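Protein chains: 2
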Amino acid sequence: MQTIEKLLESKDIRITAMRLLIYKFLAEKEIAVTLSDIENAFEKADRTTLYRTIKTFEEKDIVHQIDDGTGITKYALCEKGCNCDIETDLHLHFHCNNCNETVCLTEHKIPQIKVPNGFISENVNLVVKGICDKCSR
Amino acid sequence: MQTIEKLLESKDIRITAMRLLIYKFLAEKEIAVTLSDIENAFEKADRTTLYRTIKTFEEKDIVHQIDDGTGITKYALCEKGCNCDIETDLHLHFHCNNCNETVCLTEHKIPQIKVPNGFISENVNLVVKGICDKCSR
DNA sequence: TAACAAATGCACTTCCATTGCACTTACTAT
DNA sequence: ATAGTAAGTGCAATGGAAGTGCATTTGTTA
Numbered sequence: 002m003q004t005i006e007k008l009l010e011s012k013d014i015r016i017t018a019m020r021l022l023i024y025k026f027l028a029e030k031e032i033a034v035t036l037s038d039i040e041n042a043f044e045k046a047d048r049t050t051l052y053r054t055i056k057t058f059e060e061k062d063i064v065h066q067i068d069d070g071t072g073i074t075k076y077a078l079c080e081k082g083c084n085c086d087i088e089t090d091l092h093l094h095f096h097c098n099n100c101n102e103t104v105c106l107t108e109h110k111i112p113q114i115k116v117p118n119g120f121i122s123e124n125v126n127l128v129v130k131g132i133c134d135k136c137s138r
Numbered sequence: 002m003q004t005i006e007k008l009l010e011s012k013d014i015r016i017t018a019m020r021l022l023i024y025k026f027l028a029e030k031e032i033a034v035t036l037s038d039i040e041n042a043f044e045k046a047d048r049t050t051l052y053r054t055i056k057t058f059e060e061k062d063i064v065h066q067i068d069d070g071t072g073i074t075k076y077a078l079c080e081k082g083c084n085c086d087i088e089t090d091l092h093l094h095f096h097c098n099n100c101n102e103t104v105c106l107t108e109h110k111i112p113q114i115k116v117p118n119g120f121i122s123e124n125v126n127l128v129v130k131g132i133c134d135k136c137s138r
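One line per chain: the protein sequences are A and B, in this order. The first sequence begins at 2 in our numbering and counts up one residue at a time. The second sequence begins at 2 in our numbering and counts up one residue at a time.
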């Protein structure tokens, strides 16, 4: 049995052709993708299916949602080092103002952020914007 | 002449009744507001006007946009300490998961974030989510 | 294989953001 | 002061993304 199938099974997700395809698509991409990106990649499939598949993946901590400030939600596979269900383990995201791509910088952890007295921090969203390594060359 | 009028003038913004009212509304609020919030506050005025007023304020660095992850853009007045046109001077925002309000923590500067080689950081968006001081009491 | 549960596809709705155009208001130069 | 112009405002409409209801299909289990 393929690794992807094992993974899905371990997360209590039923294996379907669609889900395998979407997983592969996400795995190939090194950048975070929007729903439209997936939609364009699978023109035969219905938007709703893709939408709900991503939501399922998200619930089961297979992908995480990224809010890079473009106003459009993006998604990326959680990698080995990514425990995005655990509050304290959050990596940062980098959004390139030139090519408009967003990447996960998994190995770059977010530093401890101090908040004023009375505030309780549960979660941190950190997006750095600028020029990515491809565009800066 | 009023302070607000002086401020608008100094930023090359024409003084109109609407703009003064919107500015005052923003100044009174201590939290970031959505377009709908403003809309509800000024039911006589048209949404478009409010929208464009905010856009104007934004361009002239009178308000800054906040993306707190709710999916709806919020706006807040730039304060004295806020030079949001200057890349390096960015404060963080706190979004309360309980009351759903977002506040600017102007005095809390964002620590220097390291990015990998080849990446050029221009801008940082940092939103901490949790429970605010009002709700944690 | 029958029965049930989950996944998919289609149609529709909602909400926010944005634009075009007509009309009104404010500034500028005579 | 006033005519002319530029900018601001209001109305209507559009577009895009997110989300929902329901019928149909597919998959799982007894």
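For each residue, glycine too, the CB sits at the ideal point set by N, CA and C. The structure presented is a predicted model; accordingly, all values stated were derived computationally and were not measured.
Determine the DSSP secondary structure at residue i, reduced to helix, strand or coil.
{"i": "A77 (chain B)", "result": "strand"}
{"i": "I23 (chain A)", "result": "helix"}
{"i": "C97 (chain A)", "result": "strand"}
{"i": "E108 (chain B)", "result": "strand"}
{"i": "I151 (chain B)", "result": "One cannot answer for residue 151 (chain B) here, as it falls past the ends of chain B, which runs 2 to 138."}
{"i": "K135 (chain A)", "result": "helix"}
{"i": "I5 (chain A)", "result": "helix"}
{"i": "E102 (chain B)", "result": "coil"}
So which residues on chain B does residue i lean against when the C-beta distance must stay under 9 Å?
{"i": "K130 (chain A)", "result": "S122, E123, N124, V125, N126"}
{"i": "H109 (chain A)", "result": "I114, K115, V116, P117"}
Please say whether residue j and residue i have beta carbons closer to each other than 8 Å?
{"i": "T103 (chain A)", "j": "D69 (chain A)", "result": "yes"}
{"i": "M19 (chain A)", "j": "A46 (chain A)", "result": "yes"}
{"i": "K110 (chain B)", "j": "H109 (chain A)", "result": "no"}
{"i": "P112 (chain B)", "j": "P112 (chain A)", "result": "yes"}
{"i": "L78 (chain A)", "j": "I63 (chain A)", "result": "yes"}
{"i": "D134 (chain A)", "j": "K61 (chain A)", "result": "no"}
{"i": "L36 (chain B)", "j": "L21 (chain B)", "result": "no"}
{"i": "I76 (chain A)", "j": "A28 (chain A)", "result": "In the sequence as displayed, the identity of residue 76 (chain A) is Tyr instead of Ile. For Y76 (chain A) and A28 (chain A), no; Cβs fall outside 8 Å."}
{"i": "I132 (chain A)", "j": "C97 (chain A)", "result": "yes"}
{"i": "I121 (chain B)", "j": "S137 (chain A)", "result": "yes"}
At 8 Å on the CB atoms, spell out the chain A contacts of residue i, in chain order.
{"i": "D134 (chain B)", "result": "P117, N118, G119, F120"}
{"i": "D68 (chain B)", "result": "D68, G70, G72"}
{"i": "L22 (chain B)", "result": "By Cβ distance, chain A contributes nothing, its closest Cβ being about 27 Å from L22 (chain B), past 8 Å."}
Please list, in chain order, the chain B residues whose beta carbon lies closer than 8 Å to that of residue i.
{"i": "E62 (chain A)", "result": "Note on identity: in this sequence residue 62 (chain A) is Asp, with Glu being the wrong assignment. The contacting residues do not exist; D62 (chain A) stays about 18 Å from chain B at best."}
{"i": "L8 (chain A)", "result": "What L8 (chain A) touches in chain B: nothing, since even the nearest Cβ is about 27 Å away."}
Residues of chain A with CB under 9 Å from residue i, in chain order?
{"i": "N98 (chain B)", "result": "E123, N124"}
{"i": "L106 (chain B)", "result": "V116, P117, F120"}
If we ignore side chains and look at the alpha-carbon of each, how far apart do residue i and residue j end up?
{"i": "E123 (chain B)", "j": "E10 (chain A)", "result": "42 Å"}
{"i": "I23 (chain A)", "j": "T74 (chain A)", "result": "17 Å"}
{"i": "L127 (chain B)", "j": "H94 (chain B)", "result": "6 Å"}
{"i": "F58 (chain A)", "j": "E31 (chain A)", "result": "17 Å"}
{"i": "E88 (chain B)", "j": "K130 (chain A)", "result": "The predicted position of E88 (chain B) is uncertain, since its pLDDT is 49 and thus under 50; no value can be drawn from it."}
{"i": "F26 (chain A)", "j": "G72 (chain A)", "result": "22 Å"}
{"i": "E40 (chain B)", "j": "R15 (chain A)", "result": "45 Å"}
{"i": "K7 (chain B)", "j": "H65 (chain B)", "result": "19 Å"}
{"i": "I5 (chain B)", "j": "R53 (chain B)", "result": "18 Å"}
{"i": "E44 (chain A)", "j": "H92 (chain A)", "result": "32 Å"}
{"i": "D38 (chain A)", "j": "R48 (chain A)", "result": "11 Å"}
Quiz item: Which runs of the alpha helix (DSSP H) fall wholly inside the stretch 39–67 of chain B and span at least 4 residues, in chain order?
Solution: 48–60
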